[in-house]
Amino acid sequence: MKRARCIMIQGTMSGAGKSLLCAALCRILRQDGYRVAPFKSQNMALNSGVTRDGREMGRAQIVQAEAAGVEPDARMNPILLKPSSDVGSQVIVNGAARAQMAAAEYFAYKKELIPEILAAYDSLAAEYDVIVIEGAGSPAEINLRENDIVNMGLAELVNAPVLLAGDIDRGGVFAQLYGTCALLTEAERRRVRGLIVNKFRGDAALLRPGLAQLEELTGVPVLGIVPYLHVELDDEDSLAPWLRVKRTDKPIDAAVLRLPYISNFTDFAPLEAHPLLGVRYVERLGDLGTPDLVILPGTKSTMADLLWLRQSGLETAVLRLAERGTPVLGICGGYQMLGAELRDPDGVESEQPVLRGMGLLPCVTTFAPEKTLTRVRAVVTGGPLDGAAIDGYEIHMGATEALGEAFCRLEDGRTDGCRAGNVFGTYLHGLFDSGAVTDALAALLCERKGIAAAASTEDARAYRERQYDLLADGVRAALDMEAVYRIMEEAQAWS
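Okay, so the sequence shown: first residue is 0 according to numbering that gives the first Met the number 0, each after it adds one.
Structure below.
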């Protein structure tokens, strides 16, 4: 059976744009008639999603799968690390939680995962024409070279040619690209078949003299100068939302609390795209002000983040806003915080067995080692959002007993969440994707503010499809795709 060709994008640093470059290649290859799948052996991120078969994977690979026009599959991201503290992460293998590990423990353990990584890759390579592989961080992190399973170590395991991307927007792109190549071993340097200058703004002609010298020094051709593309797609890294500019040009002010372990902030992309909703991310009491809506997002560490809210003074401010009638919405961990009490008898989240909640919803959460992972459809029941349809997913540990009115009813008859007056809570991520909840929420906020309502301009899925095409068009115009195809063909002949 013919094995899929592959191409790997590595970067000079985290944030060099690897994820979106891979998404662009996935869409370009799909447009060119190939069956293509993304692959990232190890992903560290708090943004994740749930596959149709109930497995968890990183959002970056979900985005890339959507760009490729294929169903997201946990094999595309066999290892997902979800940080739960500054020195530890939950280790998810093939879509299921396996262990909680400190960094040093995982570093010693990860080589044992190579057979599972290769099994995932090989099965995809047997089903698709091309695999687009994403690295992580930088291959020049020489302190991590031993037992590497995500950059050059993986490239060697699957015999992948590498394109190295540097981020000119941060400055120093020549030093980034040259320094990275200089720190590679000779065998690793031979795998680097092309350089990419990413996120460029300005006149590309000014770069030409430097690019010629860079090619001479590295012996590697520059395959493209990719412009800074203004596309709205999910970010992999949970640092991204607070780098966004605060929107002051929209009449409705929605404040998302920036929790230390915020997860799945991609839930709010449809809100950001709404013509009337200005979404900002708040981490300091002095920045909260008097928003029209407060959102408590998901979190990997509910109890720790609730204590942070309490200590920062934001909890008291939110309680006061809720008392004055400001709508408050909690999603997943944010929903858990809004309840009366959080219980952790098995020490899943904390050594503290019981923690007082914010008391805005009549519900109690009990954490448990088992993780709920499921895709669901639901309809909001009652209240100002009544009848709005949801197509979302659940990722949480433990269960919440709601004693008040349910937020929504799932298609299997179960209920989810809780509501009490102007306070709402739900476990469902992706609740804004269908547009129905977004429009109902916007209508509520507009009515409260006395302004005319407006519906979302575009379905979230249709909007994302358009963004994938814009991304692909921009990268195709800037990147030497003939060289990329040639590099993939030549790599198949490598021994």
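Every residue, glycine too, gets a C-beta built ideally from N, C-alpha and C.
Pro-269 - containing alpha helix (DSSP H), residue span: Here the alpha helix (DSSP H) through Pro-269 covers 268 to 272.
query: Which first and last residues belong to the alpha helix (DSSP H) in which Val-281 is found?
result: Secondary structure note for Val-281: it is in no alpha helix (DSSP H), and the uninterrupted beta strand (DSSP E) holding it is 276 to 281.
task: Say whether the region 71 to 86 touches the region 111 to 122, bearing in mind that this needs 3 or more beta-carbon pairs closer than 8 Å, one atom from each stretch.
output: Contact between the region 71 to 86 and the region 111 to 122 is established, with three or more Cβ pairs separated by less than 8 Å.
query: Count the other CB atoms within 10 Å of the CB of Lys-1; is the residue buried (16 or more) or exposed (fewer)?
result: When all chains shown are included, Lys-1 counts as exposed.
task: Under the assumption that Asn-197 contacts Ala-164 (Cβ atoms under 8 Å), give the Cβ distance between them as a whole number of angstroms.
output: Right, their Cβ atoms sit about 5 Å apart.
- request: Please determine, among Ala-66, Val-69, Glu-70 and Lys-39, the residue with the shortest C-alpha to C-alpha distance to Gly-57.
  value: Among Ala-66, Val-69, Glu-70 and Lys-39, the Cα nearest to that of Gly-57 is on Lys-39.
- prompt: What residues in its chain sit with their C-beta under 6 Å from that of Met-7, if we drop five residues either side in the sequence?
  reply: Result list for Met-7: Ile-132, Ala-154, Ala-159 and Val-161, in chain order.
task: Determine the burial state of Ala-103: buried for a count of at least 16 other Cβ atoms within 10 Å of its Cβ, exposed for fewer.
output: Under this definition Ala-103 is an exposed residue.
message: Just to confirm the assignment, what range does the beta strand (DSSP E) spanning Tyr-127 have?
response: Taken as a continuous stretch (DSSP letters only), Tyr-127 belongs to no beta strand (DSSP E), as it is neither H nor E.
message: Rounding to the nearest angstrom, what Cα-Cα distance links Ala-482 and Gly-178 in this structure?
response: Roughly 24 Å separates the two Cα atoms.
message: Quick check: Asn-421 and Asn-263, are their CB atoms within less than 7 Å of each other?
response: Going by beta carbons, Asn-421 and Asn-263 fall outside the 7 Å limit.
- request: Can you tell me the Cβ-Cβ gap for Met-396 and Ala-367, rounded? I've got them flagged as a contact below 8 Å.
  value: Taking 8 Å as the upper bound for CB-CB distance, Met-396 and Ala-367 are in contact here, some 6 Å apart.
message: Threshold first: 4 residues or longer. Then list the alpha helix (DSSP H) segments lying entirely within the region 412 to 481, N to C.
response: Every unbroken stretch of the alpha helix (DSSP H) spanning 4 or more residues and falling wholly within the region 412 to 481 is given here in chain order: 435 to 448 and 459 to 477.
query: How long is the line joining the alpha carbons of Glu-185 and Ala-477, rounded to whole angstroms?
result: Cα-Cα distance, rounded: 29 Å.
query: What is the DSSP secondary structure of Glu-70, reduced to helix, strand or coil?
result: Note: Glu-70 maps to coil in three-state DSSP.
message: Closer than 8 Å is the cut-off here; do at least three beta carbon pairs connect the region 94 to 113 with the region 22 to 30?
response: Taking 8 Å as the limit for Cβ pairs, the verdict is that the region 22 to 30 does not touch the region 94 to 113.
- request: Kindly indicate the opening and closing residues of the alpha helix (DSSP H) around Thr-179.
  value: Note, Thr-179: alpha helix (DSSP H), 172 to 182.
message: In whole angstroms, give me the CA-to-CA distance for Ala-96 and Gln-89.
response: Taking the CA atoms as reference points, Ala-96 sits about 7 Å from Gln-89.
- request: For the region 31 to 67, list the beta strand (DSSP E) runs that are entirely contained and at least 3 residues long, ordered along the chain.
  value: The region 31 to 67 is shown to contain whole beta strand (DSSP E) runs of 3 or more residues at 35 to 38, 41 to 43, 47 to 49 and 55 to 57, in chain order.
- request: Return the Cβ separation of Gly-297 and Ile-251 in integer angstroms, given the expectation that the two are a contact with Cβ distance under 8 Å.
  value: For Gly-297 against Ile-251, the beta-carbon gap comes to about 22 Å, at or over 8 Å, which does not count as contact.
message: Looking at Tyr-484: is its Cβ nearer than 7 Å to the Cβ of Gly-424?
response: Taking the C-beta atoms as reference points, Gly-424 is found no nearer than 7 Å to Tyr-484.
field: Contact set for Arg-475: own chain, Cβ-Cβ below 6 Å, skip 5 residues either direction
entry: Within the same chain, Arg-475 has close Cβ partners Ile-27.
- request: Output the distance between the C-alpha atoms of Ala-303 and Leu-295, rounded to the nearest integer angstrom.
  value: A direct Cα-to-Cα measurement between Ala-303 and Leu-295 gives close to 14 Å.
query: Between Val-293, Asp-85 and Ile-394, which lies nearest to Val-281 when the distance is taken from Cα to Cα?
result: It is Val-293.
task: Quick one: measure Cβ to Cβ for Gly-134 and Lys-249, integer angstroms, because I've assumed they're closer than 8 Å.
output: Actually they are not in contact, since the Cβ atoms of Gly-134 and Lys-249 sit about 37 Å apart, beyond 8 Å.
Top-ranked residue by Cα proximity to Phe-199, from His-273, Val-225, Gln-466 and Tyr-108: If you compare the alpha carbons of His-273, Val-225, Gln-466 and Tyr-108 with that of Phe-199, the shortest gap goes to Val-225.
- prompt: How far does the beta strand (DSSP E) with Tyr-108 in it reach, from first residue to last?
  reply: Tyr-108 -> not in any beta strand (DSSP E); alpha helix (DSSP H) instead, spanning 102 to 108.
message: For Glu-567 and Val-172, what's the separation of their Cα atoms in angstroms?
response: The chain is shown only over 0 to 494; residue 567 falls outside these bounds and no answer can be derived.
- request: Measure the alpha-carbon distance for Glu-126 versus Ala-3 and round it to whole angstroms.
  value: Roughly 8 Å between the two C-alpha positions.
query: Anyone know if the C-beta pair for Gly-473 and Leu-222 falls short of 7 Å?
result: Not a contact, by the Cβ cut-off of 7 Å.
message: Give the list of continuous alpha helix (DSSP H) stretches no shorter than 4 residues that lie fully inside the region 278 to 318.
response: Complete alpha helix (DSSP H) runs here, min 4: 284 to 287 and 301 to 311.
message: Going by DSSP, what residue range makes up the alpha helix (DSSP H) through Glu-231?
response: Element bounds for Glu-231: n/a, residue is neither H nor E.
task: Round the Cβ separation of Ala-454 and Pro-269 to the nearest angstrom and send it over; I've been treating them as touching at under 8 Å.
output: With a beta-carbon spacing of about 12 Å, Ala-454 and Pro-269 fall beyond the 8 Å limit used to define contacts.
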